[in-house]
Every structure is written in structure tokens, then in C-alpha cells.
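S.K.: Quick note: to get this note's numbering, add 20 to the position in the sequence shown (first position is 1).
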Amino acid sequence: MDSSKTVVIKLGSQVVSKLFNDRHSVFWQQLQLLYDKGYQPVIVCSGAVALGWQVFQSMASDKAKLLSKSIRFEKAQLQKHSFQKEQFQTEPKQTAKHQSYPVANKTMLASIGQGELINMWRNGLGRPVAQILVEQAHFNERHCYNDLSATFRQLLKHDVVPIINQNDALAEANSLISNNDRLAAHVVNMLGAKWLFMVSEVGGIYRDYPTCQQLVSVFEVKEPDSEYRYEDVISSDCSAMGTGGMREKLDAALLAARQGAQCFICDEKAPFLHIIESRATYGTYIRYSSQPVKRIKHWLLNTAESKGLIIIDSGAATALRHRNASLLMSGIVGVAGTFSKQAIVEVKEQGTGEIIAKGMARLNSNQILINLALRQNQASNSQFIPSNIVPDNPLHLASEWVVDKIEHNDIQEHPDNSLIKGSTIVLHRNQCALL
Ligand SMILES: N[C@@H](CCC(=O)OP(=O)(O)O)C(=O)O
Numbered sequence: 021m022d023s024s025k026t027v028v029i030k031l032g033s034q035v036v037s038k039l040f041n042d043r044h045s046v047f048w049q050q051l052q053l054l055y056d057k058g059y060q061p062v063i064v065c066s067g068a069v070a071l072g073w074q075v076f077q078s079m080a081s082d083k084a085k086l087l088s089k090s091i092r093f094e095k096a097q098l099q100k101h102s103f104q105k106e107q108f109q110t111e112p113k114q115t116a117k118h119q120s121y122p123v124a125n126k127t128m129l130a131s132i133g134q135g136e137l138i139n140m141w142r143n144g145l146g147r148p149v150a151q152i153l154v155e156q157a158h159f160n161e162r163h164c165y166n167d168l169s170a171t172f173r174q175l176l177k178h179d180v181v182p183i184i185n186q187n188d189a190l191a192e193a194n195s196l197i198s199n200n201d202r203l204a205a206h207v208v209n210m211l212g213a214k215w216l217f218m219v220s221e222v223g224g225i226y227r228d229y230p231t232c233q234q235l236v237s238v239f240e241v242k243e244p245d246s247e248y249r250y251e252d253v254i255s256s257d258c259s260a261m262g263t264g265g266m267r268e269k270l271d272a273a274l275l276a277a278r279q280g281a282q283c284f285i286c287d288e289k290a291p292f293l294h295i296i297e298s299r300a301t302y303g304t305y306i307r308y309s310s311q312p313v314k315r316i317k318h319w320l321l322n323t324a325e326s327k328g329l330i331i332i333d334s335g336a337a338t339a340l341r342h343r344n345a346s347l348l349m350s351g352i353v354g355v356a357g358t359f360s361k362q363a364i365v366e367v368k369e370q371g372t373g374e375i376i377a378k379g380m381a382r383l384n385s386n387q388i389l390i391n392l393a394l395r396q397n398q399a400s401n402s403q404f405i406p407s408n409i410v411p412d413n414p415l416h417l418a419s420e421w422v423v424d425k426i427e428h429n430d431i432q433e434h435p436d437n438s439l440i441k442g443s444t445i446v447l448h449r450n451q452c453a454l455l
């Protein structure tokens, strides 16, 4: 797979609805031009719920008509990340007959729409397509991530077009990735793609939209400007059927751009090939000036969810921060949360409460707790000194994974702090033998 030829194209729900109703859109021709020149588009496609809704409304059966009538769209609930089942609610049920109808919700619409969506791609492209439905868990663990990546590569090797969406029909709302814009950035990183087009109804970033409808052709973020609060000026409003607004698009584009991808927010008429080959400007081009971030670092910081906390003392924190040292068991003072071996965890400095690193645990949380308890035991009972129960370095924390600062949004404080302090486990010899 030639990653310089891999083009990730993400389409929002509104655009997909439009394409669904206009089979002759110029979009399909533009894609064909890419194929003709040997590029390999990878599609991240929203719209299952939107298409499901369209189909549902047109269903002829009396039951469907009745239910369709009774569904009302709760606009007020359309907040960022509020893509919950409650968005589609039934009117208060009037009769016993109505009560027997299923509750119409996002999962039902998504499962109706996802099939339509794949059909649309197969017909529009006239070539084999593959459906890949994912959720956050597939990106959390390195082995899952690698398996997913291998599937993509295999499909591309055989000229099959991957069409990716979230598993809206089956996954719990809280196990999905926050929106498909972010999913597209993860896919860019996974494949090392050099191009990302975020195709949206709005077609780019506007200055003071809708007052002044002037498109920003290049949106540049320089490293020293990282304090620039674009969230103050760019709306997070999203379409009725989608979950990501312009702010989420920009966030995702910046993530991808930091990995060295050329990113555009554009409409569905974008001449993809012309933009790539002639470096033409179209919509908004997102330029990020810093050195590309290593892919594994991006995965660790922005993709994989943290499953717990390791709390360390200030000596260990200094060693991690300034000397790129390994984190040894002796620097650990506590853990929070329950995590397995190889889970992603954050490292917190006890005194300041600051999250200073994120890494892959070499031990599970129980092993660390037991080791801490052994240490206490050792201090109070010098006859009981187990050795070599755990490796010295409990965290696979490559130096480049240590970060001085993690964006506040990326920090998930673990709700259960009870384990941090006073976690005394009384150990008996038998338990040690089990280790
Ligand atoms: N996965 C959902 C859409 C989620 C989403 O991020 O939507 P959008 O903001 O329109 O890109 C669906 O297929 O309906």
C-alpha cells in the first residue's frame, strides 16, 4: 500500500443525504478521476441515521406510517456529543395499540440506513466496497488496532473500497467515538494517509458565519499559537442528524494535519484530483506548521482511551519529565481504576495532581497494588522480602511518549480516587505464591 496515494474522504450526514437523492452528482466523477490516477480513496461515511430516517418515512406499511408520524425530532437535544437514543422520541402514547410499537430510536434508524448507505456506494462507485463498522474499543488496544489496520491494507491491496462508519446499530452510545470527524483522523493516522478531505454541506470555515460569508481559504495553526482559541470563534453546532460541527471538523483536521496529512474541509463538488496534483485551494485548507507527530504517539495521546491512573512521587515525575527516565516501581505511590496488562494509563504526579505522561502498562492494576502492599509490608516486617515478583519498570513508557502537557480535554480524571490513598492490602504468603 502506497500511503502517499491513500486519500481519506469523510462525508457528513447532510452531504450523504444529498448524494443519496442525486445519483448523478459530480462527486462520483471526481472520485473516478482519483481511481484513474491510481489513488486509493478510503471512505469514512456518516449518514446511516439520516438515510434510515428517509427510508423510514417513506415506508408504506400502516404501522410504519403511524410510527413515523409519532416520531418527533428533539432539536433541543442536539448538543455536541448528545447523540443518544433519546434524540428520536415517540409522542406520548395515546392508546394501548400505540404502546405495542417499538420505540423508534437512533439504533433502529442506523440499522435501516447502513444498508442503504453501502448500496449507494456500490452503485455510485461501480466497484466492490467493504463495510467496516467500528467503535472506540477497536482503537484502544494495540492488537485490535493492528488487526483493523491489516484489514484496511488487505482491502486496498485488492482494490476494494473500505467504507467506514461507527457501529451505531449495535454499540452503546458511550462506546462510540465522539464523531466521525475524529474517526477520520484516526483512520488517517492508522494508514499514514497523506490526504484528508472532510466533505461537508457547509464546505469550509467561514469568517463570522453567517453574518459575513467569506470563506477562510487557509487556516494555519503555528506551534507558538497553540493558545489560539478557535473554539471561541467557530461554532460547534451540528446538523440535525450528525454529531460533529465545524469545530469538531477543525479539531479532527488539526489532528490529522499534525501527522503530516494535507487536510481540506470542502463541499461534495471538490475536484479532489486537481487539488492533490495541482495543489489548488478549495474550501478551507488546514495547515499545521509543526513537525509531524509520530504515529504511535498520536495513537497513544489522541486515539487510545486511558483505562486508569498511576500516581507517582515527585522524584519519579522529575525523572520522567527531564531525564526521559523509565518509571520504576519505587516511584509509584498508588493506582486508580482497574486496568489490565497492556492497557493505556495516564501517569499523575501526586503533589501537583498534574497528568504528565501516558503509556502502556506492563502490569495490571492489581499487580501494582500488590507490589505496593508488599513494599509496605517489607517496611514493617523485614523478614518478608519477596523478590522479582514484578518487573522493575511497570510501564512501557518510551521516552517520546512522555508528554509535558496533555490537552485538558484529553484528560479523563478517573472517578474512583479511593484507591489512590490508603490502599493497604494485607498479604499472606499464600497469596504471594500465587503470583
Ligand atoms: N454514525 C452516524 C453519524 C455520526 C456523525 O459523526 O455524523 P456527522 O456529524 O454528520 O458526520 C451515522 O452514520 O448516522
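Built from N, CA and C at the ideal position, the CB exists for glycine as well.
Note that the coordinates shown come from a computational prediction; the quantities given were computed from them, not determined experimentally.
Expressed to the nearest angstrom, what Euclidean distance is found between the alpha-carbon atoms of Leu53 and Leu293?
M.R.: To locate residue 53, count along the sequence shown from 1; it is residue 33. To locate residue 293, count along the sequence shown from 1; it is residue 273. Looking at the two C-alpha atoms, the distance is approximately 7 Å.
S.K.: Ordered along the chain, which non-local residues of its own chain (more than five positions away) have a Cβ less than 7 Å from that of Lys327?
M.R.: Locating residue 327 in the sequence shown gives position 307, counting from the first residue. Gly357, Phe359, Ala363, Ile364 and Val365.
S.K.: Can you tell me where the alpha helix (DSSP H) holding Met128 begins and where it ends?
M.R.: Within the sequence shown, residue 128 is the residue found at index 108, counting from 1. Note, Met128: alpha helix (DSSP H), Lys126 to Leu145.
S.K.: Kindly indicate the opening and closing residues of the beta strand (DSSP E) around Ala324.
M.R.: Within the sequence shown, numbered from 1, the residue matching residue 324 stands at position 304. Looking at the DSSP string, Ala324 is not in any beta strand (DSSP E), and its letter there is neither H nor E.
S.K.: Any heavy atom of ligand 1 closer than 7 Å to the Cβ of Gln186?
M.R.: As a working note, residue 186 is residue 166 in the sequence shown. Because some heavy atom of ligand 1 lies under 7 Å away, the Cβ of Gln186 counts as near it: yes.
S.K.: In this structure, how does DSSP classify Tyr226 when only helix, strand and coil are distinguished?
M.R.: Position 206 of the sequence shown, counted from the first residue, corresponds to residue 226. Assignment of Tyr226 by DSSP, reduced to helix, strand and coil, places it in the strand class.
S.K.: Hey, is Ala276's beta-carbon within less than 8 Å of any beta-carbon in chain C?
M.R.: Absent here is chain C; the protein component of the structure consists of one chain.
S.K.: Apart from the five residues just before and just after Ile138, which ones in its own chain have a Cβ nearer than 6 Å to its Cβ?
M.R.: Counting from 1 along the sequence shown, the entry for residue 138 is found at position 118. Answer for Ile138: Gln151, listed in chain order.
S.K.: Nearest to Ala68 by alpha carbon, out of Ser45, Val27, Leu153 and Val28?
M.R.: Here residue 68 corresponds to residue number 48 of the sequence shown, with the count starting at 1. Minimum Cα distance to Ala68 is reached at Leu153.
S.K.: Let me confirm a value: Met380 is counted as buried when at least 16 other C-beta atoms fall within 10 Å, else exposed. Which label applies?
M.R.: By one-based count along the sequence shown, residue 380 stands at place 360. By the neighbour-count rule (16 or more Cβ atoms within 10 Å), Met380 is buried.
S.K.: Please report the straight-line C-alpha distance between Arg382 and Lys361, rounded to a whole angstrom.
M.R.: Sequence index remark: in the sequence shown, residue 382 carries index 362 (1-based). Sequence index remark: in the sequence shown, residue 361 carries index 341 (1-based). About 5 Å.
S.K.: Take the Cβ of Asp22 as the centre, count every other Cβ of all protein chains shown within 10 Å, and call the residue buried at 16 or more, exposed below.
M.R.: Taking the first residue of the sequence shown as 1, we reach residue 22 at position 2. Exposed is the call here.
S.K.: Taking the beta strand (DSSP E) that Phe239 belongs to, which residues open and close that run?
M.R.: Taking the first residue of the sequence shown as 1, we reach residue 239 at position 219. Residues Val238 to Val241.
S.K.: Find out if the Cβ-Cβ distance for the pair Phe239, Phe284 is shorter than 8 Å.
M.R.: Counted from its first residue, the sequence shown places residue 239 at position 219. Counted from its first residue, the sequence shown places residue 284 at position 264. Their beta carbons are not under 8 Å apart, which means Phe239 does not touch Phe284 by this criterion.
S.K.: Taking 7 Å as the limit between beta carbons, can you name the residues of its chain near Val353, skipping five residues before and five after?
M.R.: In the sequence shown, the residue the question calls residue 353 occupies position 333. Closer than 7 Å at Cβ, skipping near neighbours: Ile331, Ile332, Asp333 and Gln370.
S.K.: Ligand 1 and Val273: does the residue's C-beta get closer than 7 Å to at least one heavy atom of that ligand?
M.R.: In the sequence shown, residue 273 corresponds to position 253, counting from 1. Residue identity check: residue 273 is Ala in the sequence provided, not Val. No, Cβ of Ala273 sits at least 7 Å from all heavy atoms of ligand 1.
S.K.: In the DSSP assignment, find the unbroken beta strand (DSSP E) run with Asn185 in it and report its ends.
M.R.: Sequence index remark: in the sequence shown, residue 185 carries index 165 (1-based). Its beta strand (DSSP E) spans residues Val181 to Gln186.
S.K.: So, with DSSP's three-state summary, where would you put Gln156?
M.R.: Here the question's residue 156 lines up with position 136 in the sequence shown. Reduced to three states, the DSSP call for Gln156 is coil.
S.K.: Please identify the residue among Met349, Ala393, Ala277 and Pro61 whose C-alpha is closest to the C-alpha of Leu175.
M.R.: Residue mapping note: residue 175 aligns to position 155 of the sequence shown, counting from 1. If we check each option's Cα against that of Leu175, Pro61 comes out closest.
S.K.: Which value, in whole angstroms, describes the spacing of the CA atoms of Ser33 and Asn386?
M.R.: The residue given as residue 33 occupies position 13 in the sequence shown. The residue given as residue 386 occupies position 366 in the sequence shown. Distance between the alpha carbons of Ser33 and Asn386: 44 Å.
S.K.: With respect to 7 Å, is the separation between the Cβ of Ala339 and the closest non-hydrogen atom of ligand 1 below this value?
M.R.: If you number the sequence shown from 1, residue 339 lands on position 319. Judged by the Cβ position, Ala339 fails to qualify as a neighbour of ligand 1 at the 7 Å threshold, every heavy atom of the ligand being at least this far.
S.K.: Give the DSSP-derived three-state secondary structure of Pro307 in the structure shown.
M.R.: The residue labelled residue 307 in the question sits at position 287 within the sequence shown. Inspection of the sequence shows that residue 307 is occupied by Arg rather than by Pro. Looking at Arg307 - three-state DSSP - the assignment turns out to be strand.
S.K.: Have a look at Gln77, Gln396 and Met349 and flag the residue whose alpha-carbon is nearest the alpha-carbon of Ala336.
M.R.: On the sequence shown, position 316 is the one that residue 336 refers to. Closest by alpha carbon: Met349.
S.K.: Under a three-way DSSP split, which group does Leu71 fall into?
M.R.: The residue you call residue 71 lines up with position 51 of the sequence shown. Note: Leu71 maps to helix in three-state DSSP.
S.K.: Can Leu129 and Gly58 be called in contact, C-beta distance under 8 Å?
M.R.: Translated into positions along the sequence shown, residue 129 becomes position 109. Translated into positions along the sequence shown, residue 58 becomes position 38. Contact: no.
S.K.: In three-state terms, what does DSSP make of Val313?
M.R.: Numbered from its first residue, the sequence shown carries residue 313 at position 293. Coil.
S.K.: Quick one: what does DSSP say Gly354 is sitting in, helix, strand or coil?
M.R.: Position 334 of the sequence shown, counted from the start, is the residue given in the question as residue 354. Strand.
S.K.: So, do the segment 265-281 and the segment 300-316 have three or more beta carbon pairs nearer to each other than 8 Å?
M.R.: yes
S.K.: For Phe40, which of helix, strand or coil comes out of DSSP?
M.R.: Stepping through the sequence shown from its first residue, residue 40 is reached at position 20. In this structure, Phe40 counts as helix in the three-state DSSP scheme.
S.K.: At the level of alpha carbons, what is the spacing between Ile29 and Gln50?
M.R.: The residue you call residue 29 lines up with position 9 of the sequence shown. The residue you call residue 50 lines up with position 30 of the sequence shown. Near 12 Å, if we compare the C-alpha coordinates of Gln50 and Ile29.
S.K.: What's the C-alpha gap between Trp319 and Ala205?
M.R.: To locate residue 319, count along the sequence shown from 1; it is residue 299. To locate residue 205, count along the sequence shown from 1; it is residue 185. Going by the C-alpha atoms only, they are around 10 Å apart.
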